[in-house]
Amino acid sequence: MRRPAKWIHQLDERILEHLRDEGWASPGTMSRHFRFTASEDRIEERCEQLRDAGLLAPIYRGAPMYELTTLGYLYLAGELDAKSLPRRRTVG
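In this text, residue positions in the sequence shown follow this note's numbering: the first is 36, and each later residue adds one.
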């Protein structure tokens with residue numbers, strides 16, 4: 036069973052699952068493949084949050100294409116408590 040933190044959204048779960056299944060993807064590609072409505076900008080925002088937490092990473096520096104990290108795979112497998120991960124602090 037997965038152990039999400041309060042900051043993890045349902046969209047985050049779908050992003051992580053998509054990357055697990057596809058290997059890598061861009062926010063634009065993901066926005067066209069999800070079964071629910073999520074804009075490319077919203078997916079990019081959540082990818083940045085997940086990147087900051089260490090669950091995914093760009094496939095190369097500066098690329099808007101992401102893949103799961105080892106922590107991302109561990110989280111999906113229920114072997115990582117997301118409450119232990121860093122969270123980006125928002126300003127405002």
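Each residue gets a CB set at the ideal place from its N, CA and C atoms; glycine is no exception. Because the structure is a prediction, the values reported are computed rather than measured.
Leaving out five residues before and five after residue i in sequence, what residues of the same chain have Cβ atoms less than 8 Å from its Cβ?
i, result
"residue 115", "38, 106, 109"
"residue 113", "36, 37, 38"
"residue 48", "37, 39"
Can you tell me whether residue i is helix, strand or coil according to DSSP?
i, result
"residue 122", "coil"
"residue 73", "coil"
"residue 92", "strand"
"residue 106", "helix"
"residue 60", "strand"
"residue 37", "coil"
Which residue's Cα is closest to the Cα of residue i: the options?
i, options, result
"residue 75", "103, 50, 44, 57", "50"
"residue 57", "44, 43, 102", "102"
"residue 72", "91, 94, 45", "45"
"residue 99", "61, 117, 40", "61"
"residue 43", "67, 84, 97, 55", "84"
Excluding sequence positions up to five away, which residues of its chain have a Cβ less than 7 Å from the Cβ of residue i?
i, result
"residue 65", "50, 53, 78"
Assuming residue i and residue j make a contact with CB atoms under 8 Å, what is their CB distance in whole Å?
i, j, result
"residue 104", "residue 92", "5 Å"
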